[in-house]
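Residue numbers for the sequence shown, in UniProt numbering: 1 to 169.
Cβ coordinates follow ideal geometry from the N, Cα and C atoms, glycine included.
Just so we're clear, the structure is a prediction, and the values are computed from it rather than from any experiment.
Note sheet for the following structure.
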Amino acid sequence: AYEHQEVPFEKVVEEVVRERDLSRSPLFQVMLVLQNTPDVPGLQLGDVQLEREGFEHSRAKYELTLSLCHTPEGLRGSVNYLTDLFSSTTIERLVAHFKALLHSIVQQPQQSIASLNMLSMQEEAQLLHGFNASEVDYPQDNSIVSLFEQQVLQTPNNIAVIFEEEQLT
């Protein structure tokens, strides 16, 4: 990007994006901002005293923007998002997952990102056991063939097998 910083943004979009959707940012939808510049309290320029001032974005420019800032207490962050794409519940869950991921990174800095945890214990249990509660009782002394034959007798017109476009009853 630094080598080609003189290229206008419109030219980059023209060269990279084949089909343009004017309702979306042409190159990216999610932005992560990390403000890691040192805080300079009481900066004086002649007669002018400069102070850091926070501000709120009134409207999201991108689908999702996560802004992080180093503070003496640690990282402080905010999320700006399009409300027609995300609910506040979804964003709260996303933030909780991000916090859990950061915690995992601090606890296990040598781990690969793929092996780090970002779910709460409750969410992990729900995914592994709650959503996967597909256990069905069946006679343990029957073979799969006899179970299949029983099902055929009970529901002879139901679809038994699907392969590509073919269905067998």
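Review point. Taking the alpha-carbon positions, what's the Leu127 to Met121 distance?
Key: C-alpha separation (whole angstroms): 10 Å.
Review point. Leu147 to His103, Cα distance in whole Å?
Key: Leu147 and His103: Cα-Cα distance of roughly 48 Å.
Check your understanding: Quick check: the region 1-13 against the region 38-49, are there 3 or more CB pairs under 8 Å?
Key -> Segment contact: the region 1-13 against the region 38-49, fewer than three CB-CB distances shorter than 8 Å; contact not assigned.
Exercise for review: Compare the C-beta of Gln140 against all C-beta atoms of chain C and say whether one is closer than 9 Å.
Suggested key: Annotation note: the requested chain C is absent from the structure, which comprises a single protein chain.
Check your understanding: Which partner residues does Ile162 have in the DSSP bridge list?
Key -> Note: Ile162 sits in a beta bridge opposite Gln167.
Check your understanding: Is it true that the CB of Ala100 sits closer than 9 Å to the CB of Leu119?
Key -> Cβ distance < 9 Å, so Leu119 and Ala100 count as in contact.
Review point. Near Ser78, what residues of its chain come up, given a Cβ to Cβ distance below 6 Å and the 5 sequence neighbours on each side ignored?
Key: Ser67.
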